[in-house]
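A.B. asks:
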Amino acid sequence: ACDAAFAATEPLRLAQQLFQSARSHDALKVVDWGLATFKPSLQLHLLGASIAEKLEDFGRATEYLDGAIMLKPTDLGLRFRRCDLRWWVYRHRPGPTPPRLDAEGEALLQDLELCKQLRTDRHASEPYVRRAFVFRQSGNLNAAAEELYQATELEQSDIAVVYEYAKVLAELKQPELVRAALAEGIKRADLMVKAGMMEKSEAQTWRDLFDSLLRG
């Protein structure tokens, strides 16, 4: 009788009720049980990801999204969501010592490459900047510089990206390229001031930062 009762249980509805009752951990247990017991369910994977996100268990949330993408591989929204989660986890973890490209970084780079090609709902430079961060963590400064250069071309008004690009060039010991990048950053800041897109005080702050970088 117990086996029959469990077999008749709808795990999605039960997990939703537990989640709504602030019993998130119990809800995840039901999600896992449902995924292990019944046929694959996109809704269960997505509910599990939402609950895990609320609990700030982002690695577990990513695993649920992995399962969802296996069921619906052409859903770009799912892939973008997983990319954001992987980025959050990677961004807030300690950097690998010595610098290297590990499995987490490689997976994130692949997701970000897809975002570069298809994402249109955010700043165009965002995937490039994120990929640059991964490459810097892996010790590949040349690849990081290339990503940041592309970002500076895509976002003409983002002076912070120009500054980050110049910092990587400085790490690569390319003083001439550093000076050229910073000159471009100052030029863009001046144009933004003239267009009313930036206050003079903010532009001066960037000038001070650029000068500091030039002085080493």
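1354 is the number of the first residue of the sequence shown in our numbering; add one for each residue after it. Think of the CB as a built atom: it goes at the ideal place given N, C-alpha and C, for glycine as much as any other residue.
Count the other CB atoms, across all protein chains shown, that sit within 10 Å of the CB of T1427; report buried if there are 16 or more and exposed otherwise.
C.D. replies: Here residue 1427 refers to the residue found at position 74 when the sequence shown is read from its first residue. Exposed, because fewer than 16 other Cβ atoms sit within 10 Å of the Cβ of T1427.
A.B. asks: Is G1387 closer than 8 Å to A1375 when the C-beta atoms are compared?
C.D. replies: As a working note, residue 1375 is residue 22 in the sequence shown. As a working note, residue 1387 is residue 34 in the sequence shown. Against a cut-off of 8 Å, the Cβ pair of G1387 and A1375 comes out as no contact.
A.B. asks: Report the three-state DSSP secondary structure of A1361 (helix, strand or coil).
C.D. replies: The sequence position of residue 1361 within the sequence shown is 8, counting from 1. Only weak support is given to the placement of A1361: the predicted model assigns it a pLDDT of 46, under 50, and the question is left unresolved by the model.
A.B. asks: Less than 8 Å between the C-beta atoms of A1504 and V1514, yes or no?
C.D. replies: Stepping through the sequence shown from its first residue, residue 1504 is reached at position 151. Stepping through the sequence shown from its first residue, residue 1514 is reached at position 161. Yes, Cβ-Cβ distance for A1504 and V1514 is below 8 Å.
A.B. asks: Could you tell me how far apart the beta carbons of G1458 and Y1443 are, in whole angstroms, since I believe they sit closer than 8 Å?
C.D. replies: Position 105 of the sequence shown, counting from 1, holds the residue named residue 1458. Position 90 of the sequence shown, counting from 1, holds the residue named residue 1443. So it is a contact: roughly 7 Å between Cβ atoms.
A.B. asks: How would you label E1524, buried or exposed, when you count the other beta carbons within 10 angstroms and need 16 or more for buried?
C.D. replies: Mapped onto the sequence shown, residue 1524 falls at position 171. Exposed is the call here.
A.B. asks: If I measure Cβ to Cβ from K1407 and keep anything under 7 Å in the same chain, skipping five residues before and after, which residues do I get?
C.D. replies: As a first step, residue 1407 must be located in the sequence shown, where it is residue number 54. Contacts found: S1377.
A.B. asks: Just to confirm, are A1414 and L1399 a CB contact at a threshold of 8 Å?
C.D. replies: Translated into the one-based positions of the sequence shown, residue 1414 becomes position 61. Translated into the one-based positions of the sequence shown, residue 1399 becomes position 46. In this structure, L1399 does not lie closer than 8 Å to A1414 by Cβ.
A.B. asks: For L1535 and L1522, what's the separation of their Cα atoms in angstroms?
C.D. replies: Here residue 1535 refers to the residue found at position 182 of the sequence shown. Here residue 1522 refers to the residue found at position 169 of the sequence shown. So the two alpha carbons sit approximately 11 Å from each other.
A.B. asks: Can a CB atom of chain B be found closer than 8 Å to the CB of E1506?
C.D. replies: Here chain B cannot be found, since the structure has a single protein chain.
A.B. asks: Determine the DSSP secondary structure at M1550, reduced to helix, strand or coil.
C.D. replies: Sequence index remark: in the sequence shown, residue 1550 carries index 197 (1-based). DSSP places M1550 outside both helix and strand once states are collapsed to three, so it counts as coil.
A.B. asks: Considering only the beta carbon of each residue, do G1572 and L1381 sit closer than 8 Å?
C.D. replies: The chain is shown only over 1354 to 1569; residue 1572 falls outside these bounds and no answer can be derived.
A.B. asks: Output yes or no for whether 8 Å exceeds the beta carbon distance between L1418 and L1438.
C.D. replies: Counted from its first residue, the sequence shown places residue 1418 at position 65. Counted from its first residue, the sequence shown places residue 1438 at position 85. Taking 8 Å as the Cβ cut-off, L1418 and L1438 qualify as a contacting pair.
A.B. asks: Out of curiosity, what's the CA-to-CA distance linking E1363 and I1404?
C.D. replies: For the purposes of this step, residue 1363 is identified with residue 10 of the sequence shown, where counting begins at 1. For the purposes of this step, residue 1404 is identified with residue 51 of the sequence shown, where counting begins at 1. Whole-angstrom Cα-Cα distance: 18 Å.
A.B. asks: Am I right that V1531 and A1519 are in contact with their C-beta atoms under 8 Å? What's the rounded C-beta distance?
C.D. replies: Residue numbering aside, residue 1531 sits at position 178 when the sequence shown is read from its first letter. Residue numbering aside, residue 1519 sits at position 166 when the sequence shown is read from its first letter. The pair is a contact, with the Cβ atoms about 5 Å apart (cut-off 8 Å).
A.B. asks: Express the C-alpha separation of R1483 and F1372 in angstroms, rounding to a whole number.
C.D. replies: Walking along the sequence shown from the start, residue 1372 turns up at place 19. Walking along the sequence shown from the start, residue 1483 turns up at place 130. Roughly 33 Å between the two C-alpha positions.
A.B. asks: For H1445, does the three-state DSSP call read helix, strand or coil?
C.D. replies: In the sequence shown, counting from the first residue as 1, residue 1445 sits at position 92. If DSSP states are grouped into helix, strand and coil, H1445 belongs with coil.
A.B. asks: How far does the alpha helix (DSSP H) with S1510 in it reach, from first residue to last?
C.D. replies: Along the sequence shown, read from residue 1 onward, the residue named residue 1510 stands at position 157. Looking at the DSSP string, S1510 is not in any alpha helix (DSSP H), and its letter there is neither H nor E.
A.B. asks: Take D1511 and list the residues in its own chain whose beta-carbon comes closer than 7 Å to its own, dropping the five residues that flank it on each side.
C.D. replies: The count along the sequence shown starts at 1 and reaches residue 1511 at position 158. Here the set comprises S1478.
A.B. asks: Does the distance from the CB of P1452 to the CB of G1412 come in under 8 Å?
C.D. replies: On the sequence shown, position 99 is the one that residue 1452 refers to. On the sequence shown, position 59 is the one that residue 1412 refers to. P1452 is not a Cβ neighbour of G1412, given a cutoff of 8 Å.
A.B. asks: When you compare only the Cα positions, how much space is there between R1434 and W1441?
C.D. replies: The sequence position of residue 1434 within the sequence shown is 81, counting from 1. The sequence position of residue 1441 within the sequence shown is 88, counting from 1. The C-alpha of W1441 is placed about 11 Å away from the C-alpha of R1434.
A.B. asks: Put D1455 into one of helix, strand or coil per three-state DSSP.
C.D. replies: By 1-based counting over the sequence shown, the position of residue 1455 is 102. D1455 falls in the coil class under three-state DSSP.
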